[in-house]
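Undergrad: Okay, handing you the structure first.
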Amino acid sequence: MAVPDEDADLVRSAIGGDDDAFTELVRRHKGTVLRSAARFARNPAELEDLGQETFLRVYRDLRSFRGEAPFGHWLSRITVHVCYDALRKRHREEKDVSLEVLAAPVADPSTGNGPSAQLARMILDQAMSRLKPEDRLVITLFELEDRSVREVAELTGWSETRVKVRAFRARQALKRYIGGDDER
Amino acid sequence: MNDKRHDRRDVELDRYFALARQASPDISGVERNFETRLMARIREWRAEQDSWYAWAWRLAPIFLVLTILLSGWSLFYSQVRPADPVATLASGTQEVALLTNLTGD
Numbered sequence: 001m002a003v004p005d006e007d008a009d010l011v012r013s014a015i016g017g018d019d020d021a022f023t024e025l026v027r028r029h030k031g032t033v034l035r036s037a038a039r040f041a042r043n044p045a046e047l048e049d050l051g052q053e054t055f056l057r058v059y060r061d062l063r064s065f066r067g068e069a070p071f072g073h074w075l076s077r078i079t080v081h082v083c084y085d086a087l088r089k090r091h092r093e094e095k096d097v098s099l100e101v102l103a104a105p106v107a108d109p110s111t112g113n114g115p116s117a118q119l120a121r122m123i124l125d126q127a128m129s130r131l132k133p134e135d136r137l138v139i140t141l142f143e144l145e146d147r148s149v150r151e152v153a154e155l156t157g158w159s160e161t162r163v164k165v166r167a168f169r170a171r172q173a174l175k176r177y178i179g180g181d182d183e184r
Numbered sequence: 185m186n187d188k189r190h191d192r193r194d195v196e197l198d199r200y201f202a203l204a205r206q207a208s209p210d211i212s213g214v215e216r217n218f219e220t221r222l223m224a225r226i227r228e229w230r231a232e233q234d235s236w237y238a239w240a241w242r243l244a245p246i247f248l249v250l251t252i253l254l255s256g257w258s259l260f261y262s263q264v265r266p267a268d269p270v271a272t273l274a275s276g277t278q279e280v281a282l283l284t285n286l287t288g289d
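Here the protein sequences come in this chain order: A and B.
Numbering (our numbering) for the first sequence: 1 to 184.
Numbering (our numbering) for the second sequence: 185 to 289.
The structure is reproduced here in structure tokens:
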């Protein structure tokens, strides 16, 4: 994990036109950005696009980074916004996805029986692809990244009430989809 | 009965989330040399931006000449434009009224 002050120095150098400083910033933070974006990407090509778009936006807006919060927080917000934009863009094309795979049973993770973690993720991905982009974003940050309501609100720029409502709606919808009584 | 069914579904959904959290996404392929590919894209973007600026500077004198021509044209036509016909008519009427008054015709 990078020391925030070092990040601030690198940001200053990068603003001054030092490409090596920006490369160093990317090297330090690419893991965090890619791991977060991977929750929203459907394949490695899409993950690459999300990662590149995030850092390109960072590069473009570097002058607007005022250094009041650590660079990592600012970067996380940009990552979330890039992923949200991508979710909205592809929402329409994923509406008619098949949910046949959702018939798979799920077992208690503590026993180790039932589907693997990968399969559970696949099933969840399929069910989540039917959610509204904002619901999907909130439930991913809340349940899969284990963030608090306040953190999700800070990252998205939405109110805590809105985050709670979105999370509740997303859970209700997911229960319907996974339970198999989707009425739509 | 219905509540129990909802509880069961909540538990089931939480199991999915717990399992999915364990499945840390594999980013190793994308992570490898990511910064090299990104910097190539940034250089490309910068070149694009530079070419836009270059075009803007190249077109600036043309826009300047156009602005001067348009200003001159509008200034010239505002000067040679005939006077307001209503005002002309009104001033003619005043003259006739004065003459009528003075001569008594």
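Glycine residues also receive a C-beta, built at the ideal position from the N, C-alpha and C atoms.
Taking DSSP as the reference, what is the three-state secondary structure of Ser258 (chain B)?
TA: Note: Ser258 (chain B) maps to helix in three-state DSSP.
Undergrad: What does the Cβ neighbour count give for Val106 (chain A), buried or exposed, with the cut at 16 atoms within 10 Å?
TA: At Val106 (chain A) the pLDDT is 48, less than 50, meaning the model places this residue with poor confidence; the figure from the coordinates comes in the next sentence. The residue in question, Val106 (chain A), is buried, as its Cβ has 16 or more Cβ neighbours within 10 Å.
Undergrad: Mind reading off the beta-carbon distance from Ile178 (chain A) to Ala127 (chain A)? Whole number of angstroms is fine, and I expect it under 8 Å.
TA: Right, their Cβ atoms sit about 6 Å apart.
Undergrad: When burial is assigned at 16 or more other CB atoms within 10 Å of the CB, is Lys89 (chain A) buried or exposed?
TA: exposed
Undergrad: Could you check whether the stretch 139 to 158 of chain A touches the stretch 50 to 68 of chain A, counting it as contact only if at least three pairs of C-beta atoms, one from each stretch, sit closer than 8 Å?
TA: no
Undergrad: Check whether the Cβ atoms of Ser76 (chain A) and Leu155 (chain A) lie closer than 8 Å to each other.
TA: yes
Undergrad: Hey, Val149 (chain A) and Val163 (chain A): beta-carbon distance below 8 Å or not?
TA: yes
Undergrad: In the DSSP assignment, the alpha helix (DSSP H) including Glu134 (chain A) goes from what residue to what residue?
TA: Pro133 to Ile139
Undergrad: State yes or no: is the C-beta of Arg121 (chain A) within less than 8 Å of the C-beta of Ala207 (chain B)?
TA: yes
Undergrad: From the DSSP output, in three-state form, read off Ala103 (chain A) for me.
TA: Residue confidence is low: Ala103 (chain A) scores 45 on pLDDT, short of 50, so the model does not pin down where it sits. No coordinate-derived value is stated.
Undergrad: Distance, Cα to Cα, Gly256 (chain B) vs Leu248 (chain B)?
TA: 12 Å
Undergrad: Do Ser159 (chain A) and Ala153 (chain A) have their C-beta atoms closer together than 8 Å?
TA: Contact flag set, yes.
Undergrad: How would you call Arg192 (chain B), buried or exposed, if buried means at least 16 neighbouring beta carbons within 10 angstroms?
TA: exposed
Undergrad: Using a Cβ cut-off of 8 Å (strictly closer), state whether Ile15 (chain A) contacts chain B.
TA: no
Undergrad: Below 8 Å on the Cβ atoms is my contact criterion, and I expect Phe40 (chain A) with Leu87 (chain A) to pass it. Report the Cβ-Cβ distance as a whole number of Å.
TA: 6 Å
Undergrad: Counting only the same chain and skipping the five closest in sequence on each side, list residues whose C-beta sits under 7 Å from that of Tyr59 (chain A).
TA: Phe22
Undergrad: Could you name the residues of chain B that Pro44 (chain A) contacts, counting a contact when the two beta carbons are closer than 9 Å?
TA: Asp210, Ile211, Gly213 and Val214
Undergrad: Could you please tell me which residues of the stretch 236 to 253 of chain B, in chain order, have their CB closer than 8 Å to any CB of chain A?
TA: none
Undergrad: Tell me the start and end of each unbroken beta strand (DSSP E) in the stretch 1 to 52 of chain A that is at least 3 residues and wholly inside, in chain order.
TA: none
Undergrad: I need the boundaries of the alpha helix (DSSP H) containing His91 (chain A), first residue and last residue.
TA: Where His91 (chain A) is concerned, there is no enclosing alpha helix (DSSP H), given that its DSSP letter is neither H nor E.
Undergrad: So, using beta-carbon positions, are Tyr291 (chain B) and Leu124 (chain A) closer together than 8 Å?
TA: With chain B running from 185 to 289 in the structure shown, residue 291 (chain B) is simply not present.
Undergrad: In or out: Thr220 (chain B) buried (at least 16 other Cβ within 10 Å) or exposed?
TA: exposed
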